[in-house]
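Below is one structure; the comments refer to it alone.
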Amino acid sequence: MFKQIGAVTMINLRSIPQRAGLSLATIISIALVTGVLLGFLAMSNGFRATLQGTGSDNVAVALRAGSQAELNSGLSSEDVRLIEEAPGVARDSEGRPLVSGELYVIVDGTKRASGTDANLPLRGVGPQALSLREGFEMVEGRMFEPGTNELVVGASVLREFSGFDLGETIRLGSNEWVVVGIFSTGGSVFESEIWADIAVIQNLYNRGTAVQSVRARLTSVEAIEDLRAWEEDEPRVNLDIESETDFFASQAGGTAVLIEFVGWPLAIIMAIGALAGAWNTMYSSVDTRMREIATLRAIGFSGFAAAVGTMVESLVLAALGGLVGALAIYLLFNGVSASTLGSGFTQVVFSFAVTGGSVIAGMVMAVVIGFFGGLVPAIRSAYVPLLTVHRSE
Amino acid sequence: MNDLTLIRKNLFRKKLRAILLTLSILIAFLIFGVLGAFYKVWNSGAELAADNRLVTVNRINFTVTMPYAYWGRIQAVEGVEAASFANWFGGYYQEPTRQVQTFAVDPESYLNVYPELVFEPEQRAAFIANRTCLAVGRDIADFYGWSLGDRIPLLSNIWQKSDGSSSWEFDICAVFDGREDYPANYAMFHYEYYNEDLAFNQDQIGWIVIQTQSADMNASVADTIDTMFANSPAETETATEAAFSEGFANQFGNIALILLFVVGSAFSTILIIVGFTMVTAINERTGEIAVMKTLGFPAPRIFRMVLSESVMLSLVGGLLGLGLAWGMVTLIAAAPGVSAFLPGLSMPQNVFIAGVGLAVLLGLLTGIIPAINAQRVKIVTALGKQ
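Quick mapping for you: the protein sequence lines, in order, are chains Y and L.
Numbering of the first sequence is given in the numbering used here, commencing with residue 663 and proceeding in unit increments.
Numbering of the second sequence is given in the numbering used here, commencing with residue 4 and proceeding in unit increments.
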């Protein structure tokens, strides 16, 4: 029985070159469908990875209640001072609270890809900002001097936007700035930002001493509850407090899910088209081998073996298509840098990521197409009338 | 029996094959049609822009505000027919997730520069006269179930009143429509009413909309304005409405390129499947074609017949696909709430026409090789085969 199946399957597979055209058509069409799916998944996975790779459980982000985004928020220096004294907030070795009040202004940067302007955050930070970002390092140049018109640029900004090279002078409105350093935070969202001294930005943009967000290092992950409890009881503040991890994870949701919501239905509809193609190919395969199958049946091979042979051929073609599609997308897109408008209303630079999970999803889809494409032709090959042997071509 | 009958019979001689091919063609055109309709909505900002309308924003970025006084100074610039301004309110209704696109405007001048907004005359007058009035686009009003005379609070996720609250009370005294495809998915109210209570950023505006006397004057007007405010604390950048919309759409990424990849993949798929199948199908018929030639069918006629067969197949699949796309788009557009987010979603005529053109092209491309093969069939060798 298994010998029969093996023999018929080998005959099927070895004869594929005789139907090279149609078989190639099946492989390519399934490769394209898999490619479309994996392309969308690589986009959404890359975007999600960037946002989920940002932030720490040990850092709390406080915004004005109801403001939803850093951009909309506004807090006074009094708020910052109160948070510095709040329970659960960690201090450095010299007893200074690890709290950073920050604000940002959206400025225009020119996208390299399109040459059009896009929103970039110019974040004003104080000395404590660095101690609240794990993995922060200067890749080139140095940190800005407080009180000057110097700024440092995230590595992702440099990759996607033109005009931010080290030493370059940038005109933002009527002010000129000098790029004195390039920093990295290990691929997180902060790398899509430009940083300068907070006091200079407050002054230039007439913000007084106001900030938009306050980041605080927590004594422990659980200490965020102490901070929240304090906020509830403290009438002088009205804040939304979230862990930094949650803050960025919630931002990942919308865009990443949207991309998948577009990608999956498109891929499934295209899969139906490819399924029709695969079915057609297998149908022709059975058609051209009518006499051969009938001969096998006449010399004692079972109809089941013939069916399995046809099905395996279909699955092999589909799997090949899936592999070709996955490989092509991996080579073409994996690691490719792109940027889109994030929920902070500024550009988030991310890299396409072809993940193992998405490749598996793509392969499963390819094999499913192969299975349904081969099903009816396989059944048909099991019922080839023996008399076909005598039919003259 | 004329040629058409013969072509049709040939096409459907293997029914299953014809159906499967039609199905794969249909899918590609369905994708083309639906994505084409969505792309039109996506691109509508630039498409619907008036060619003599300019937008002035702060040069740093359009989210950075400018002094209110700029409005007056711009109105005096030569070549400016009319000008108005707006500020982004960041509005939401009850819950932060229920966002309402809301602008603070100067009603009379705003309606002058946007003749696309259609108001009942008495509602227009009420909006201009009543300082607590909220003029609501039809799509928004339908979505939230608001009607004329309702008094509703809108909250802002940006602005605060001097008493610390972020809620403004409005009376809905006008519900407006957009002319043709123009979106009516936002709300607007009196800038004065909102500005007087602001805790911060008073007397600042977000962007200025300018109607020039004619599109020829766009460049000179833009230049004059930007020069006028150069070296001031709030420098400006003036662009045509179309360029501004396009720039904003580009911020999300190169959507056009992504769609091109998807549609390209879908069409490559059917090109390959249909192309190879047609070659196979005609090869199977070599003997028949030889017989036809023996009967006196001239080679060009056979060439035409094979080509017509593939064009017919493409057209059947293509028209079915475009029809299905039209049906789907119409269904989606009619679903509750969709018009607030995808205003003007419909099957664009030019997408439909382009689709039919593509179907003919696909038919010609997939039919040309089999047609040449068929034309070249030699009676002696073909019949000798048997």
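Backbone N, C-alpha and C define an ideal beta-carbon position, used for all residues, glycine too.
Open item on the list: Check whether the segment 276 to 287 of chain L and the segment 326 to 340 of chain L are in contact - that is, three or more C-beta pairs closer than 8 Å.
Closed with: no
- [ ] Verify the CB distance criterion: does residue 250 of chain L have a CB-CB separation below 8 Å to chain Y?
- [x] yes
Task: Where the beta strand (DSSP E) through residue 249 of chain L begins and ends - done: Segment 244 to 253 is the alpha helix (DSSP H) holding residue 249 of chain L; no beta strand (DSSP E) there.
TODO: Could you name the residues of the same chain whose beta carbon sits closer than 8 Å to that of residue 359 of chain L, not counting the 5 residues immediately before and after it, in chain order?
DONE: 318, 321, 322 and 325
Task: Inter-residue spacing [alpha-carbon to alpha-carbon] between residue 176 of chain L and residue 96 of chain L - done: 17 Å
Task: Stretch-stretch touch, CB-based, cutoff 8 Å, three pairs: the segment 214 to 229 of chain L with the segment 49 to 61 of chain L - done: yes
Open item on the list: Assess contact between the segment 920 to 927 of chain Y and the segment 679 to 691 of chain Y, defined as three or more Cβ pairs (one per stretch) separated by less than 8 Å. Is contact present?
Closed with: no
Task: Which listed residue (Y/941, Y/977, Y/788 and Y/989) has its alpha carbon closest to that of residue 810 of chain Y - done: Y/788
Open item on the list: Quick check: residue 352 of chain L and residue 302 of chain L, are their CB atoms within less than 8 Å of each other?
Closed with: no
Open item on the list: Using CA atoms only, rank isn't needed, just tell me which of Y/685, Y/676 and Y/699 is closest to residue 264 of chain L.
Closed with: Y/699
Task: Unbroken stretches of the beta strand (DSSP E), 3 residues or longer, contained in the segment 27 to 69 of chain L - done: 56 to 61
TODO: For residue 1001 of chain Y, write down the residues that DSSP places opposite it in a beta bridge.
DONE: Y/1011
TODO: Closer than 9 Å by beta-carbon distance: list the chain Y residues that pair up with residue 55 of chain L, in chain order.
DONE: Simply none; closest approach about 22 Å.
- [ ] With a floor of 3 residues, list each beta strand (DSSP E) that falls wholly inside the segment 737 to 815 of chain Y, ordered by position along the chain.
- [x] 761 to 773, 779 to 787 and 799 to 803
TODO: Please report how far the alpha carbon of residue 1016 of chain Y lies from the alpha carbon of residue 1031 of chain Y, in whole angstroms.
DONE: 21 Å
- [ ] Closer than 8 Å by beta-carbon distance: list the chain Y residues that pair up with residue 376 of chain L, in chain order.
- [x] Within chain Y, no residue comes near residue 376 of chain L; the closest Cβ sits about 13 Å away, beyond 8 Å.
Task: Three-state class that DSSP yields for residue 859 of chain Y in the structure shown - done: strand
- [ ] Could you work out which residue in L/214, L/236 and L/380 is closest to residue 288 of chain L when comparing CA atoms only?
- [x] L/380
Task: First and last residue of the uninterrupted alpha helix (DSSP H) at residue 688 of chain Y - done: 682 to 714
Open item on the list: Within 10 Å of its beta-carbon, does residue 22 of chain L have 16 or more other beta-carbons around it, so buried, or fewer, so exposed?
Closed with: exposed
Open item on the list: Quick check on the DSSP output: the beta strand (DSSP E) that includes residue 171 of chain L runs from which residue to which?
Closed with: 170 to 181
Task: Test: residue 742 of chain Y CB closer than 8 Å to a CB of chain L - done: no
Open item on the list: To test your reading of the DSSP string, which unbroken alpha helix (DSSP H) runs of 4 or more residues are found completely within the segment 331 to 380 of chain L?
Closed with: 341 to 344 and 352 to 379
Task: Contact list for the segment 80 to 109 of chain L against chain Y, Cβ threshold 7 Å - done: 93 and 99
Task: Cβ pair residue 667 of chain Y, residue 967 of chain Y closer than 8 Å - done: yes
Open item on the list: I need the straight-line Cα distance from residue 956 of chain Y to residue 24 of chain L, nearest angstrom please.
Closed with: 27 Å
TODO: Determine the direct distance from the alpha carbon of residue 664 of chain Y to that of residue 972 of chain Y, and round the result to whole angstroms.
DONE: 15 Å
Task: Distance, residue 162 of chain L Cα to residue 793 of chain Y Cα - done: 31 Å
Open item on the list: Does any residue of chain Y have a CB that is nearer than 8 Å to the CB of residue 317 of chain L?
Closed with: no
TODO: Would you check if the distance between the CB atom of residue 107 of chain L and the CB atom of residue 192 of chain L is smaller than 8 Å?
DONE: yes
- [ ] For residue 734 of chain Y, count neighbouring C-beta atoms within 10 Å of its own C-beta (all shown protein chains included) and say buried if the count is 16 or more, exposed if not.
- [x] buried
Task: Exposure of residue 1047 of chain Y, with buried meaning 16 or more beta-carbon neighbours within 10 Å - done: exposed
TODO: Have a look at the DSSP bridge pairing and note the partners of residue 192 of chain L.
DONE: L/107 and L/137
Task: Separation of residue 27 of chain L from residue 864 of chain Y, as counted between CA atoms - done: 60 Å
Open item on the list: Counting only Cβ-Cβ distances shorter than 7 Å, please list the residues of the segment 921 to 950 of chain Y near chain L, keeping chain order.
Closed with: 928, 931, 932, 934, 935, 936, 938, 939, 941, 942, 945 and 946
TODO: With 8 Å as the threshold, decide whether the Cβ of residue 64 of chain L is near any Cβ in chain Y.
DONE: yes
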